[in-house]
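Just so you know, we're using the numbering used here here: the sequence shown kicks off at 9 and counts up by one. Each residue gets a CB set at the ideal place from its N, CA and C atoms; glycine is no exception.
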Amino acid sequence: DPQSPLSTGKPTVVMYDQVPAGIGLSQGLYEIHEELVSSAYELVTGCLCLDGCPSCVGPAGERGTGSKHETRAILQMLISSSQW
9 DPQSPLSTGK PTVVMYDQVP AGIGLSQGLY EIHEELVSSA YELVTGCLCL DGCPSCVGPA
69 GERGTGSKHE TRAILQMLIS SSQW
(Lines of atoms letter the chains of each structure in order from A and count residues from 1; the text may use other names and numbers.)
(Lines give C-alpha, C1' and ligand atoms only; values in the text may rest on other atoms or scores of the structure.)
Protein backbone atom coordinates (compact mmCIF):
# COMPACT_ATOMS: atom_id res chain seq x y z
CA ASP A 1 0.00 0.00 0.00
CA PRO A 2 1.51 3.37 -0.98
CA GLN A 3 0.42 4.83 2.38
CA SER A 4 2.37 2.23 4.38
CA PRO A 5 5.12 3.62 6.63
CA LEU A 6 7.39 1.01 4.98
CA SER A 7 6.78 2.50 1.54
CA THR A 8 9.71 4.23 -0.17
CA GLY A 9 7.47 5.96 -2.68
CA LYS A 10 9.06 3.93 -5.47
CA PRO A 11 7.27 1.22 -7.48
CA THR A 12 7.34 -2.04 -5.57
CA VAL A 13 6.49 -5.65 -6.33
CA VAL A 14 5.85 -7.84 -3.30
CA MET A 15 6.02 -11.61 -3.71
CA TYR A 16 4.65 -13.62 -0.84
CA ASP A 17 3.51 -17.08 0.13
CA GLN A 18 0.46 -18.00 2.14
CA VAL A 19 2.28 -19.09 5.31
CA PRO A 20 1.95 -16.54 8.13
CA ALA A 21 5.40 -15.13 9.03
CA GLY A 22 6.98 -17.28 6.30
CA ILE A 23 9.11 -20.39 6.73
CA GLY A 24 12.64 -19.03 6.43
CA LEU A 25 13.14 -19.16 2.68
CA SER A 26 14.18 -15.53 2.15
CA GLN A 27 17.91 -16.18 1.63
CA GLY A 28 17.30 -18.98 -0.86
CA LEU A 29 14.75 -16.92 -2.75
CA TYR A 30 17.15 -13.98 -2.91
CA GLU A 31 19.76 -16.25 -4.45
CA ILE A 32 17.37 -17.12 -7.30
CA HIS A 33 15.74 -13.69 -7.57
CA GLU A 34 16.31 -13.37 -11.33
CA GLU A 35 14.44 -16.61 -11.98
CA LEU A 36 11.79 -15.64 -9.43
CA VAL A 37 11.12 -12.25 -11.05
CA SER A 38 11.00 -13.85 -14.52
CA SER A 39 8.54 -16.47 -13.28
CA ALA A 40 6.39 -13.76 -11.67
CA TYR A 41 6.35 -11.86 -14.97
CA GLU A 42 5.26 -15.01 -16.81
CA LEU A 43 2.52 -15.64 -14.24
CA VAL A 44 1.12 -12.09 -14.47
CA THR A 45 1.40 -11.97 -18.27
CA GLY A 46 -0.15 -15.41 -18.73
CA CYS A 47 -3.19 -14.77 -16.53
CA LEU A 48 -6.36 -14.33 -18.59
CA CYS A 49 -7.86 -11.60 -16.38
CA LEU A 50 -8.09 -8.05 -17.71
CA ASP A 51 -6.70 -5.86 -14.94
CA GLY A 52 -5.39 -8.13 -12.21
CA CYS A 53 -6.94 -10.65 -9.89
CA PRO A 54 -5.98 -12.52 -6.69
CA SER A 55 -4.36 -15.23 -8.83
CA CYS A 56 -1.84 -12.94 -10.51
CA VAL A 57 -1.34 -9.63 -8.69
CA GLY A 58 -3.16 -10.20 -5.42
CA PRO A 59 -5.63 -7.75 -3.93
CA ALA A 60 -5.53 -4.11 -4.98
CA GLY A 61 -4.39 -1.55 -2.44
CA GLU A 62 -6.84 0.57 -0.53
CA ARG A 63 -6.81 3.17 -3.28
CA GLY A 64 -7.23 0.60 -6.04
CA THR A 65 -3.60 0.77 -7.14
CA GLY A 66 -1.57 -2.26 -8.07
CA SER A 67 -3.15 -3.26 -11.37
CA LYS A 68 -1.90 -5.97 -13.67
CA HIS A 69 -0.57 -3.35 -16.10
CA GLU A 70 1.51 -1.63 -13.40
CA THR A 71 2.82 -4.91 -12.01
CA ARG A 72 3.79 -6.20 -15.45
CA ALA A 73 5.62 -2.93 -16.24
CA ILE A 74 7.57 -3.02 -12.97
CA LEU A 75 8.54 -6.67 -13.46
CA GLN A 76 9.63 -5.97 -17.05
CA MET A 77 11.76 -3.07 -15.82
CA LEU A 78 13.38 -5.33 -13.21
CA ILE A 79 14.08 -8.01 -15.82
CA SER A 80 15.61 -5.45 -18.21
CA SER A 81 17.70 -3.81 -15.50
CA SER A 82 21.31 -4.81 -15.02
CA GLN A 83 21.17 -3.69 -11.38
CA TRP A 84 20.53 -7.12 -9.88
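Whole-number beta carbon distance between residue j and residue i, since they are thought to touch under 8 angstroms
i          : j          : result
residue 61 : residue 52 : With a Cβ gap of about 10 angstroms, residue 61 and residue 52 do not count as contacting.
residue 49 : residue 84 : 7 angstroms
C-alpha distance - residue i paired with residue j, whole-angstrom precision
i          : j          : result
residue 40 : residue 86 : 14 angstroms
residue 27 : residue 66 : 15 angstroms
DSSP state of residue i mapped onto helix, strand, coil
i          : result
residue 89 : coil
residue 16 : coil
residue 65 : coil
residue 60 : coil
Of the residues the options, the one placed nearest residue i, counting alpha carbons only
i          : options        : result
residue 78 : 44, 13, 22, 36 : 22
residue 57 : 15, 76, 35, 47 : 76
residue 59 : 46, 14, 80, 42 : 80
residue 82 : 35, 54, 46     : 46
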